[in-house]
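Working notes for the structure below.
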Amino acid sequence: MPHKTAFASELAWPDYHAAVRDGATPILIPIGSMEQHGHHMPLHVDVLLPTEFARRAALVVGGMVAPPFTYGYKSHQKSGGGNHLPGTTSLDGATLVAALRDVIREFARHGVRKICLVNGHYENSWFIIEGIDLALRELRWDGIADMKIVVLSYWDFVGDDDIARLYPNGFPGWALEHGGVLETSLMLALYPQFVDLARAVDVTPATFPPYDVYPVKPEWTPAAGTLSSPKEATAEKGELLLEVCTRGIVEALLAEF
């Protein structure tokens, strides 16, 4: 019997067990963060967006969505404004790696053999890879060698033609898109109740020197916390992004799984 929900945690254990024990059902794990996103959006943007992309993709490919990682690696000043900003609540890299390793091993114990990690927080990237590497190594020690894991960040499916439509006045680059047009447009399309564009600050794209300093210099980050302006965000742009990114994720999963 097909499961009635895309979310694994909403199933009773016999139904979950029946769905995953033969290894055919992909598990999608959203990985986000609790991070400030300017004056106009909430702290859990990086959780909401990958979870929704995972849900949409799972419904198409016959997968299930695991509970998301709601804390991520520390915000970097040049891509998230910095870990010094109020509200941003982060994990040490070793903590995130260990948690990811444990969760992957647990799903393998259940019978899962196909996992997709759907990233919604730029700074998580390398720690995701380390968690995967350690988990796969330990699974091989236990004789499990048929696990396959796909890692993706939803924004990587936005192509040059899409960028030209979304940013007619110039694209600041993904690193500076923190709290900008991309995330704000997606939130307007999906969760408009969480967005207050009247509070959005029209900042000039941030500029940084070609090096980092620690402790960070707070004056390098625009006071609003965003690294580019969200003022050109629209729900229509969000719908375009939803279509493009969901299609790309689905195609990737169908190709790999």
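Take the sequence shown: its position 165, counted from the start at 1, is 152 in our numbering, and no numbers get skipped.
Idealized CB from N, CA, C, for every residue including glycine.
#1: Can you tell me whether DSSP reads residue 237 as helix, strand or coil?
#2: Label residue 111 either buried or exposed according to how many other C-beta atoms from any shown protein chain fall within 10 Å of its C-beta, with 16 as the threshold for buried.
#3: Can you list the alpha helix (DSSP H) stretches of 4 or more residues lying completely in the stretch 34 to 92, in chain order?
#4: Let me know if residue 122 comes out buried or exposed under the rule of 16 or more other beta-carbons within 10 Å of its beta-carbon.
#5: Residues bridged to residue 17 by DSSP?
#6: Residue 217: which of 210, 203, 233, 169 sits nearest, CA to CA?
#7: Within 10 Å of its beta-carbon, does residue 196 have 16 or more other beta-carbons around it, so buried, or fewer, so exposed?
#8: Considering only their Cβ atoms, is the gap separating residue 114 from residue 80 smaller than 8 Å?
#9: From residue -7 to residue 51, what distance separates their C-alpha atoms?
#10: Report the option in 27, 61, 16 whose CA atom is closest to the CA atom of residue 42.
#11: On a CA-only basis, which of 24, 57, 222, 189 is nearest residue 18? Give me that one, please.
#12: Going by C-alpha distance, which of 54, 27, 23 is nearest residue 38?
#13: Apart from the five residues just before and just after residue -12, which ones in its own chain have a Cβ nearer than 6 Å to its Cβ?
Taking the coordinates as given:
#1: helix
#2: buried
#3: 64 to 67
#4: buried
#5: 105
#6: 169
#7: exposed
#8: yes
#9: 5 Å
#10: 16
#11: 57
#12: 54
#13: Confidence is the limiting factor: at residue -12 the pLDDT is only 41, short of 50, which leaves the residue's position unreliable, though a coordinate-based value still follows. For residue -12, where only same-chain residues beyond five positions count, there are no Cβ hits under 6 Å.
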